[in-house]
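Numbering (the working numbering), first residue to last: 7 to 326.
Just so it is clear, CB atoms sit at the ideal spot from N, CA and C, and this is done for glycine as well.
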Ligand SMILES: Cc1ncc(COP(=O)(O)O)c(C=O)c1O
């Protein structure tokens with residue numbers, strides 16, 4: 007995966023890619039003391055547009071609040087402007103965007119109040135996170151031997167860098183076993199989420215997903231729930247057991263990196279007919295059109311990077 011770009015935004019400066027380095031003694035590196043976002047920009051007829059930018063910037067600040075950072079010097083408006091500027095200056099049309107608020111100087115005594123927060127934003131061209139075949143064929147997953155965080159051990163509403171050691175343990179194990187992705191159960195034994203995706207099942211035409219208490223409140227999850235409702239499906243948020251997945255007609259996962267992908271097999275059990283199912287495909291289809299600005303009803307999910315596109319969007323919002 008090529009992660010190069012021309013510039014990385016660091017504390018308000020556009021720093022050339024090769025100079026965007028940190029000191030070995032940055033506490034974030036040693037303790038996972040950072041919060042981050044994963045965002046995508048997609049090329050549209052009006053140029054690149056960042057998907058649900060404001061929601062991601064708000065979640066970044068929420069993650070920082072959950073972690074305990076106080077009085078950050080950036081607000082949602084400054085973060086969204088910096089992200090647009092970083093996409094623009096790098097000239098990317100389709101890209102992944104990674105803002106990170108990290109504990110910089112100080113904080114060695116494990117107290118966030120003794121450190122200084124820094125913000126950096128990188129962008130890179132990244133297409134299929136789960137591989138080229140995933141969209142058509144679906145992926146294979148297993149139930150991980152690792153449990154998802156207890157919500158009073160780690161903070162599941164926050165994208166705290168340190169939380170992701172749990173994801174790395176699970177994903178490494180699953181891929182070494184020959185699967186593509188891991189499904190983690192919560193401390194009560196119910197299905198939680200994957201290493202970087204929320205999970206849905208379809209049974210008897212109804213769509214079911216675990217409620218958000220033990221998992222990340224995924225922005226793609228919210229988009230999929232909106233699309234599913236708009237398509238007229240009944241959607242239930244309720245506890246899901248491992249064997250409910252085995253007997254589901256369809257299972258799919260969604261997240262910014264993975265987008266919306268069907269699961270063909272879980273724990274060596276074929277899901278449905280082992281192909282991406284019809285309801286997953288219907289939702290995928292609308293989602294892909296929405297992110298590329300092809301559906302007016304979801305245009306408010308897009309933040310256009312080019313000035314002229316922003317003016318056009320304001321005019322069309324006023325007219326509608
Ligand atoms: C643990 C976890 N769950 C779910 C998601 C999906 O969230 P989103 O759709 O906001 O990317 C992610 C990715 O951010 C994640 O890391």
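Segment limits, beta strand (DSSP E) that includes residue i
i           : result
residue 170 : Unbroken run through residue 170 is the alpha helix (DSSP H), 170-182; no beta strand (DSSP E).
residue 74  : That residue, residue 74, is in no beta strand (DSSP E); it is neither H nor E in DSSP.
residue 215 : 212-215
residue 308 : 308-310
residue 301 : From DSSP, residue 301 is part of no beta strand (DSSP E); its letter is neither H nor E.
Residue i, DSSP secondary structure in three states
i           : result
residue 253 : coil
residue 269 : strand
residue 189 : strand
residue 55  : strand
residue 108 : strand
residue 49  : strand
residue 102 : strand
residue 284 : helix
residue 117 : coil
residue 277 : coil
residue 293 : helix
Residues near residue i by beta carbon distance below 7 Å, same chain, minus five either side
i          : result
residue 69 : 41, 164, 165 and 166
Spatial neighbours of residue i in its chain, beta-carbon cut-off 6 Å, leaving aside the 5 residues before and after
i           : result
residue 106 : 40, 42 and 126
residue 259 : 200, 203, 205 and 267
residue 272 : 147 and 251
residue 192 : 154, 198 and 220
Straight-line Cα distance separating residue j from residue i
i           : j           : result
residue 289 : residue 19  : 40 Å
residue 297 : residue 281 : 24 Å
residue 235 : residue 291 : 15 Å
residue 267 : residue 256 : 11 Å
residue 279 : residue 270 : 8 Å
residue 8   : residue 210 : 42 Å
residue 55  : residue 102 : 12 Å
residue 136 : residue 33  : 31 Å
residue 114 : residue 27  : 20 Å
residue 263 : residue 111 : 30 Å
residue 228 : residue 67  : 18 Å
residue 168 : residue 160 : 9 Å
residue 75  : residue 109 : 9 Å
residue 253 : residue 277 : 7 Å
residue 129 : residue 63  : 15 Å
residue 14  : residue 21  : 5 Å
residue 316 : residue 303 : 16 Å
Residue i, enclosing alpha helix (DSSP H) - first and last residue
i           : result
residue 37  : 33-37
residue 233 : 225-236
Any chain D beta carbon closer than 8 Å to residue i
i           : result
residue 266 : You won't find chain D in this structure, because it holds only one protein chain.
Proximal residues to residue i (C-beta, below 8 Å), its chain only, five neighbours per side dropped
i           : result
residue 311 : 47, 53, 54, 55, 56, 90, 93 and 94
residue 241 : 212, 213, 214, 215, 231, 234 and 235
residue 171 : 38
residue 142 : 282
residue 73  : 39, 41, 118, 161, 164 and 166
residue 247 : 195, 196 and 197
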